[in-house]
Amino acid sequence: NAGVTQTPKFQVLKTGQSMTLQCAQDMNHNSMYWYRQDPGMGLRLIYYSASEGTTDKGEVPNGYNVSRLNKREFSLRLESAAPSQTSVYFCASSEEEAFFGQGTRLTVV
Amino acid sequence: ELKVEQNPLFLSMQEGKNYTIYCNYSTTSDRLYWYRQDPGKSLESLFVLLSNGAVKQEGRLMASLDTKARLSTLHITAAVHDLSATYFCAVTLNNQGGKLIFGQGTELSVKP
Chain Y
100 NAGVTQTPKF QVLKTGQSMT LQCAQDMNHN SMYWYRQDPG MGLRLIYYSA SEGTTDKGEV
160 PNGYNVSRLN KREFSLRLES AAPSQTSVYF CASSEEEAFF GQGTRLTVV
Chain L
332 ELKVEQNPLF LSMQEGKNYT IYCNYSTTSD RLYWYRQDPG KSLESLFVLL SNGAVKQEGR
392 LMASLDTKAR LSTLHITAAV HDLSATYFCA VTLNNQGGKL IFGQGTELSV KP
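In order, the protein sequence lines correspond to chains Y and L. The working numbering numbers the first residue of the first sequence as 100 and each following residue consecutively. The working numbering numbers the first residue of the second sequence as 332 and each following residue consecutively.
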């Protein structure tokens, strides 16, 4: 039972490079989320998707885009990475209860 | 705008002692969660509280919800070292498709 799977687990980017973080869930959940976690800041919501075909901005959407490809998959794209986007990124999915992936540690140099 | 505030943010306890973590939120919500996070790990679900007056217990942890006061508590009984972790509460907005907002987290350290 995989739950929520994120790829990659680690990534180093140069400033200005682009990349996509992938997230897939196998629990048939409608809602999916992307968060970033920085020391002392808790988890801050970047974007979320209440259902397939819909996405909405969260608390810190600037510099990011998302795609809800289908019910299972929700990707997060950094078009032009900046050092301020160095963080740990978590994907989650939920119905009654929210489940989290293992996280992606992203460093932008 | 929904805001979620936890206190304290840091808590150092002795083994065997009791303590409570508080979670306040600013607008009506339909669901409150408590999570545990160990260093370098993902979040582990502890409790989901769905209604006013809900109380759930698992081992030395007990969570409660007062929707009228917009307050949830996580009570730790007779703390042990294994409970050392960061604890987060999170709240969903009513009628917002489950938008899930987190508190800042409480870093708990239990010392012998």
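A virtual CB, placed ideally from N, CA and C, is assigned to each residue, including glycine. All values reported here derive from a predicted model rather than from experimental measurement.
In the three-state reduction of the DSSP assignment, Y:Asp125 falls in the coil class, being assigned neither a helical nor a strand state. Across the structure, L:Tyr350 and L:Lys430 are spaced so that their CA atoms are roughly 30 Å apart. Using a CB distance below 9 Å, the part of the stretch 135-152 of chain Y facing chain L consists of Gln136, Gly139, Met140, Gly141, Leu142, Arg143, Leu144, Tyr147, Ser148, Ala149, Ser150, ordered along the chain.
Counting the other Cβ atoms within 10 Å of the Cβ of L:Val335 gives 16 or more, which makes it buried.
Nearest in C-alpha terms to Y:Leu168, of all of Y:Gly102, Y:Ser130, Y:Gln116, is Y:Ser130. Distances from the CA of Y:Leu144 to each of L:Ala394, L:Ser440, L:Val441, L:Val422 were compared; the closest alpha carbon is that of L:Val422.
Remark: fewer than three beta-carbon pairs, one from each stretch, lie closer than 8 Å, so the stretch 107-118 of chain Y and the stretch 130-142 of chain Y are not flagged as touching. Contact note: L:Lys430 reaches chain Y through Ser130, Tyr132, Leu144, Tyr147, Ala149, Asp155, Gly157, using a C-beta cutoff of 9 Å and chain order. For the C-beta of L:Ser373, the chain Y residues within less than 8 Å are, from N- to C-terminus, Phe189, Phe199, Gly200, Gln201, Gly202.
Looking at Y:Leu205, Y:Thr106, Y:Glu196, the one whose alpha-carbon comes closest to that of Y:Ser183 is Y:Leu205. Judged by DSSP in its simplified three-state form, L:Asp397 adopts strand. About 5 Å separates the Cβ atoms of Y:Ala101 and Y:Asp125, confirming a contact at the 8 Å cut-off. Boundaries of the beta strand (DSSP E) around L:Asn355: 350-356. Rounded to the nearest angstrom, the Cβ distance from Y:Glu195 to L:Val379 is 7 Å, consistent with a contact under 8 Å.
No residue range can be given for L:Ser382, since it is assigned to no beta strand (DSSP E) and is classified by DSSP as neither H nor E.
Contact annotation: in the stretch 358-385 of chain L, residues whose CB is within less than 7 Å of a CB in chain Y are Tyr364, Ser373, Leu374, Ser376, Val379. Distance from the CA atom of Y:Thr185 to the CA atom of L:Trp365, rounded to whole angstroms, is 26 Å. With respect to chain L, the C-beta atom of Y:Glu195 has a partner C-beta closer than 8 Å.
Separation of the CB atoms of Y:Gly141 and L:Phe433 is rounded to 5 Å, and the pair is thereby assigned contact status at 8 Å. When secondary structure is reduced to three states using DSSP, L:Ser415 falls in the coil class, being assigned neither helix nor strand.
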